[in-house]
Structure formats: structure tokens, C-alpha cells
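Residue numbers (my numbering), protein chains in the order written: chain A, 1 to 371; chain B, 1001 to 1566.
C-beta atoms are modelled at their ideal positions from N, C-alpha and C, and glycine is treated no differently.
Single-structure report; data block below.
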């Protein structure tokens, strides 16, 4: 097993806003291994940036402990932690040349000029910015500024690289490009990295593991695959991949599967998930109560007629042709409106508003969660 | 599109602009160019020919040379000391974890000199450290004279450092706090962060502050008149004495020309500095708004110590004014009396009502002009625009003494005979201090998307209706901010108007100065108190109006003293 670089135990940040007590970060536990890239994902205000800033030392936790490479740094000032931080707005020093920006940390450390120069040149080469040493930040494009910010940090060979939505100021195309570049660079250098984003595709494509946060709490920690296919809460299911959530009455429980009654139809059977927090509870599902069916738009088929027993009769609310796909809004017989994204094949029929259709869910790609 | 627009006559394409331009240019011609030209003619034309005779005569007197050096040395030392003090105050407020109460006190004390007449501190310094001075008595010092360079320098530094504070604090506040975070996360100590990030990035503010203070000290007339004494002459007071004491208009004009040269130099340097794009706004949008990193502890303690001392000293100086206005004879007979206030209300009533009338008139007229000029300069394209902007600010850039002397030369004869009237005082104030209004209107317009006006035009509104129904409501807070400073200036300024007062129209500030020269210190204190109270009340009303007018649809735009100009 690899050694752990960062450990958070019961880290909390509580502050007073007027009379209200706000728990910005609530008892977060986490262990990050060497060379791992871990993303923090969640809606704005979920506490992900605050957690990152506490790891950096910009803010002090009100409870819990932070350990970097085995050393408790909970109250260590930021400039003694040996971390690197990449800011959303790059935070390049506008009055310094690119060279001096990258050299800043080495000079702070008291390294000799003759040692600094080759290191700076090498770092700039790594991020693909040769021969820009004498330029100033204002003369660079947004993408180039972000590369300088990266070079400025990796030249320090930090124990831990922290990134706060580093790509959110770039345009969409550049963002996709930088995503893979950062990932490549991180793997090549083997830097342990904590990366905050609100963009789920960024999190899914870059991360070794994802921490999904909501309202100051960790909702789920797992690999992108685990998070996507085994969401442990309705929040995660909804936030990652915008899954449809359909509440249905449980008709029978068969081991790890649930059978539910289909409104206006027959019955439907799918896996029942058992989130970690319910591990000790015996019966989280019971016959006659509701369960939430999680089904993603891309795992739904829409047909005129079907003999499949698990079909859901529905009415088309809207259908939009977007080229590669048809985006449907469908109303089930219990009035739940779900979204379906059906790949478009030549000659395929597009059902118009008001049409009666049969909706088929991909059983292996759907699952139940407790309500 | 613009090309074809320009070729057509402005009179046809935009008659409102045409009319506005004609009116404004005419007023510039009479109240800005005419006085300046007459001043130059008086200086350089002798017996109908161009001559340097006046210049030679003035520069031939060693006392005048001494005054020139005095002015330059004083301005240099005041700008350096004032900027240093202002920087410490700005750092204390923006970069330390000093208690909020102390920060509020620091901010509050810096407002005092701004709303008081410029020689308030000279009066209290005289009372504290002058002959029979309270502090001197307390410490048993007998051979000290406040008169001369030291007193003038101390008084002007205390008077003008708040300007430095505001300019620099504005810069410090607009810096990105993530730069501090970045420096620290790269392992820099707080000292290194302060030296390599905070100081270099505040340089534009420091430079601007040095220029502003240099100009202000160069033009200051009242302080050296009270504290300079014979040993330390400066140009503005020499010019004043030459005109009022020796009735030598030519000599006065020539001396004031000497003052004009460095003043214009400062003006141009400042415009160059402001024209350069500042570093501050280079980086992209900020993520989470974070706090600035705090200064090293030792530095914080040093700053807190100096600032507290200065605050205590300033409060002490104002307390002296208050106390002085209630005692019979300062330092000789300290028994309580109201006789000075009785005197002020009996014999000073005219000065009070005159001052108020003139200030209100100037504020209203000046604001209207400022809105028109600011709007035209920011939104419209026309031939000679740069010269237009430059002209509008010319009287403001010139030292008050120069403007005052130019006005008496220009308006003491037909066809425009204005000396001794209300209009000459109002004109002098309007064309000097509307500059603050213009700047605040321009700054506000820069933040308002022209698309709003285009939307109004595209919906069929005329350009005048667009101006009155869309533009004006949006810039009202800025206009009020301009009015606020305009009014304060009109109430407290003296350097230009000292030449223009008469038996018919007099000002509170000149009454204070008279009391001082007649050594009626307590009377001067009472007059000062009245003036400070009036300005304070008026300022509170203006602030309240500004708050009212800044409704929901206004972006919370801080209209700082820096944007408005000092």
C-alpha cells in the first residue's frame, strides 16, 4: 500500500453569521495517497473550497486535525506547510516577469541564483512555455497565465498540490485541453493533488477518486466509476449525470433486488443499493413503502409499443432533436416527469408532443436507493 | 460609420451637444482662458512689448528666490512626510488585525482635516506650540519657535496626509487578496510578502499621493501665512503680500507665474501616471473573496504606535480649538466665557450667511456644469475633445493663489467688471472645484454600459430624453458625491478667494484669517468651530441623500475620494 500524504480527521469549520451558526465544513474525514489526484466536487457553497483552503492553511479549522506526510499541520501557517496552490484567478504577480513569478518561491526558500535559473527554465518547458521568461502576465493569454501559475507551483516540488477551480476562467475548448494536460503532468511528476471543481465531467475525467460534498458534508468518496454507477445518495445520483429519480411503491423484496409496481403497467425489477451509512440497519426497504429508482437519461429507450413486462407507459411532454440525440421529456402515469436522451439513428421516428409511448429502463443500469 | 458621422456638422446631427459645447466653451473662454491670458500678459508685457523685465526684477530680489526655494522644499517635504503617514494609516486600516474600533477611529480622524478650513491645524499649533503655547508651558520649554519651516511643515503634513491615506487605501483595497495567498503559499514570510508584493503594487498610489500632496502644499497659502513668518517665505504668501501690502499687481502676477510652472508639471505628471494602466486590474475574476494577509507583527505594532500618536495629537489639536473658543484670553486668562460666540454671531453673521449663500450657489451651478462636461467628455465624440477635458480641469490644477490673482487682473476692468461682486466669488469656486464633480461623473459613467442609452434611443427616445430619464438617474449618486466635495471646498477654501472678497461679500475663512492676524485667537477658534459644525452638518445631510439615492438598481459603487480627486 502506498503511503498517505494527506489525512483529514473530523475537520470542521464553523462560523457565526449574525445569530446563525453556519457549518461550512462538517466533520470531513479523508486519506489521500501518494501520487493520487483527488477531486472535490459539489455545488457552490458546499464547503469544497473551504476544505481546500484549510488544507492550504489560508483558513484554520475550528475542529479536527490535518496531517501532511505524518506531521500534524492543523495550526501551521501556510508558508511552512510545503504545499503548492493554484488559484482560480491565477494570482500571478502582475509586476513581475514570468521568470520572477516562477522563481518567487525558490527565492523565498533562499536558493542560490545559479540553482534557480535551470529549475525555472525546466518548469516552464514542462508546461510548454519556453522563451516567455521576460514577458509579463498581462502580455499572456488566459491559458498561458494558467500554465505560468502551474509552473510556479511545480518548480517548488510541493508535497501536495492544491488547485481551486483552476480552469473555470478559461473558455470551453481550452478547458478540455488543459484538463488532459494537467492530468498528464500530474502523473508524470507523480504529484499528489487535490483539485476542487464544480464541473462533474472535469471531476470524472481527471480524478483517481472523487469526494462529493453537499452542505459541508461528504456525501460519497469513490472512484469515478463507483460514484457514477453506485451513487450512495439521491444527491450524488442527481448531481452526477443528472439521473432521474422516480419514487415507486415496493411490491416485493428479493435478496438484493426490489420489485415495484409500475403505474399504469406491470412490475419492474432492479438492484437495491445499500449505502454505507445504512450498513448496520437491517431493513432499509420494506414492502408497501416507497423506494427511489435511479435511472439516467441515456439508459432509457422510448418505443411506440412494447411487450416488455417492465415497460412504463408515458406521454411525451416535449421532444427536441439535437443532432446526435433526441431529448425527451416524458410524463409517467404517476405524473413524474423524466428526461430521456435517445441516440438518433437515421430514419428513426421522433415522437411528438402528446404521443403515448412505452418507456423502457435498462435494468442493469438502474438501481434503487432508499427514499 | 463614425467617419461619415463626423463629416456632417454637429449642429445638425446632435443639436443638443452643439448647444452644450458652445455654452461650455464660452464659459471656459471667460472664466478660464481670459484670466490666465491676462495674467501672462501682465507678467510678460511691459509698455506694450514682450519683456522679461518683471521676471528679472522679481528674481533679482534674494528674498523672492528664497521664497521659490522655500515653496519647493516645503512641498517636497510635505509630500514625502504626508504620503508616509498616509501609507501607515492605509496599512493600519486594510492590512492589520487591529480592533475595529481603532480602525474606525483612524478613518474618522482622517476626515476631520478634510472638512475643516485648511488652517485649522495652524491655529491650534500656534496655541499649543506658539508664544505662550500650552505644550511649551507644560514642558517648560522657553526657547522654541513654531514659526518657520518646521511649524509650516508639521501643520501641512497633518492637513494633507488624509488625502494620501484615501488615495493609497483605495489602491490597497483593490489589490487582489489572492496575491498575498499566492506569496505565502510559495513559502514567503510575511515580511517578504510585504516587501515584494504589497509595496510594489502600491507604488501607483504612492506616486499619485506624492504628486497630489506636492501640488496641495505648493498652493497652500493660509498655513505659511500663519506659521511661516518672515524667516520662511513661500511664493503664495509673498504674492499675496505683494498685492495686498504693496499693491504691486505686476510683481504678484510674476511671482504667481513662478508657482504656475511646477504646478503644471505636477498636473501633467499626474495625468501620465493615471493614464498608465495599473497593475491591479490585470488578473481575471476572483474566486472566493478572501481577506488580505496580515502584516508582520513587529510592523503592525510600529504602525499602530505611530497612528495612535498621530490620532491623539490631531484630537488634541481639535480639542484646543474647541477649548480656545470658550476661554477669555488663551493661556493668559483661561476662565470660561461665551463672549467670542456672541461676537461671532453679532459681527460675523454676514460672513456666515455670505459663505453659505456662495457655497450653495457654487455647488448647484458647479454640479450642473460638472454633469454636462462629464457626460460630454465621457460619452460623446467631437473635435478638440482632449483640449476640452484639459481646459475644464485647468483652474483646478493651478494653485489657488494664481487663480485669485488672475481673476482680479481680468475682472477689475470693463468689459467684464466683476471685482467686489458675488459672481466673481462663485465663478472662482465653480471653475476650480467642479473638477471633483466632473471626475466623479466620468468615473460613474465608465461603469454604466452605453448599451442602456442605446436601448433608450432604439425605443424612440430623443437624446435629451435619454439623458434626463436614463443617464441622470443612474449617475445621481456620483453627482451627489461630487456636490459633497464641491460644497466642502467652497466652505473651507481660501487661497483663490482671499483676493476676491470685499466689503460687500466676505467669507468665514477670511474672517478666521483676520482674527488670527489680529491675534484674536479665541475669536478665530469660535469662527472655526462654527465653520466646522456647518460643514459637518451639511456633509451628514449629503451623505444621507447619497444613501437615499443609491437605490437597489445601483451597483454598490463606492465613490472614493481618490476617484473624485483630491
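Hey, does residue i have any beta-carbon neighbour from chain B nearer than 8 angstroms?
i                      : result
residue 109 of chain A : yes
residue 104 of chain A : yes
residue 95 of chain A  : yes
residue 152 of chain A : yes
Just the Cα atoms here: how many angstroms apart are residue i and residue j?
i                       : j                       : result
residue 155 of chain A  : residue 101 of chain A  : 11 angstroms
residue 1483 of chain B : residue 1215 of chain B : 22 angstroms
residue 287 of chain A  : residue 250 of chain A  : 5 angstroms
residue 19 of chain A   : residue 1227 of chain B : 54 angstroms
residue 1036 of chain B : residue 1057 of chain B : 21 angstroms
residue 1509 of chain B : residue 1541 of chain B : 22 angstroms
residue 347 of chain A  : residue 205 of chain A  : 33 angstroms
residue 1545 of chain B : residue 1323 of chain B : 32 angstroms
residue 309 of chain A  : residue 361 of chain A  : 11 angstroms
residue 1413 of chain B : residue 1391 of chain B : 24 angstroms
residue 14 of chain A   : residue 1090 of chain B : 31 angstroms
residue 1141 of chain B : residue 1074 of chain B : 26 angstroms
residue 1456 of chain B : residue 1473 of chain B : 13 angstroms
residue 1191 of chain B : residue 1295 of chain B : 7 angstroms
residue 1523 of chain B : residue 1343 of chain B : 8 angstroms
residue 1383 of chain B : residue 1240 of chain B : 39 angstroms
residue 1364 of chain B : residue 1437 of chain B : 11 angstroms
residue 46 of chain A   : residue 223 of chain A  : 20 angstroms
residue 237 of chain A  : residue 29 of chain A   : 21 angstroms
residue 34 of chain A   : residue 24 of chain A   : 27 angstroms
residue 74 of chain A   : residue 59 of chain A   : 10 angstroms
residue 1420 of chain B : residue 1236 of chain B : 21 angstroms
residue 63 of chain A   : residue 5 of chain A    : 20 angstroms
residue 1050 of chain B : residue 1217 of chain B : 32 angstroms
residue 1287 of chain B : residue 89 of chain A   : For residue 1287 of chain B, the pLDDT reaches just 44, beneath the cut-off of 50, and the residue's location in the model is therefore unreliable, although a value from the coordinates is still provided. Each residue's Cα considered, the two are about 7 angstroms apart.
residue 1454 of chain B : residue 1380 of chain B : 13 angstroms
Is it true that the CB of residue j sits closer than 8 angstroms to the CB of residue i?
i                       : j                       : result
residue 1082 of chain B : residue 1164 of chain B : yes
residue 341 of chain A  : residue 303 of chain A  : no
residue 130 of chain A  : residue 98 of chain A   : no
residue 1167 of chain B : residue 1212 of chain B : yes
residue 318 of chain A  : residue 343 of chain A  : no
residue 368 of chain A  : residue 270 of chain A  : yes
residue 262 of chain A  : residue 336 of chain A  : no
residue 228 of chain A  : residue 216 of chain A  : no
residue 1298 of chain B : residue 1092 of chain B : no
residue 212 of chain A  : residue 219 of chain A  : yes
residue 1441 of chain B : residue 1485 of chain B : no
residue 239 of chain A  : residue 200 of chain A  : yes
residue 85 of chain A   : residue 56 of chain A   : yes
residue 1292 of chain B : residue 1094 of chain B : yes
Which whole-angstrom value is the C-beta distance of residue i and residue j, which I expect to be below 8 angstroms?
i                       : j                       : result
residue 1023 of chain B : residue 1528 of chain B : Actually they do not touch by this definition, with Cβ atoms about 38 angstroms apart.
residue 1434 of chain B : residue 1531 of chain B : Rounded, the Cβ-Cβ distance is 22 angstroms, inconsistent with contact.
residue 162 of chain A  : residue 194 of chain A  : 5 angstroms
residue 1252 of chain B : residue 1242 of chain B : 4 angstroms
residue 1377 of chain B : residue 1388 of chain B : 7 angstroms
residue 95 of chain A   : residue 1200 of chain B : 5 angstroms
Is the Cβ of residue i closer than 8 angstroms to any Cβ of chain A?
i                       : result
residue 1205 of chain B : no
residue 1178 of chain B : yes
residue 1157 of chain B : no
residue 948 of chain B  : It is not possible to answer for residue 948 of chain B, since the shown part of chain B is limited to 1001 through 1566.
residue 1282 of chain B : Unreliable positioning characterises residue 1282 of chain B in this predicted model, as indicated by a pLDDT of 36, which lies under 50. The coordinate reading is nonetheless provided below. Closer than 8 angstroms: yes.
Is any beta-carbon of chain D found at less than 8 angstroms from that of residue i?
i                       : result
residue 1199 of chain B : Looking for chain D here will not work: the only protein chains present are A and B.
List the residues of chain A that residue i touches, going by C-beta distances under 7 angstroms, in chain order.
i                       : result
residue 1202 of chain B : Here the premise fails: no neighbours, minimum Cβ distance about 11 angstroms.
residue 1192 of chain B : 108
residue 1184 of chain B : 78, 79
Find the residues of chain A that neighbour residue i, judging by a C-beta separation of less than 9 angstroms, and give them in chain order.
i                       : result
residue 1181 of chain B : 53, 56, 58, 78, 85, 87, 91
Can you find a heavy atom of the ligand MG that lies under 7 angstroms from the Cβ of residue i?
i                      : result
residue 307 of chain A : This structure does not include the ligand MG; it has no bound ligands of any sort.
Which residues of chain B have a Cβ atom closer than 8 angstroms to the Cβ of residue i, listed in chain order?
i                      : result
residue 156 of chain A : 1186, 1187
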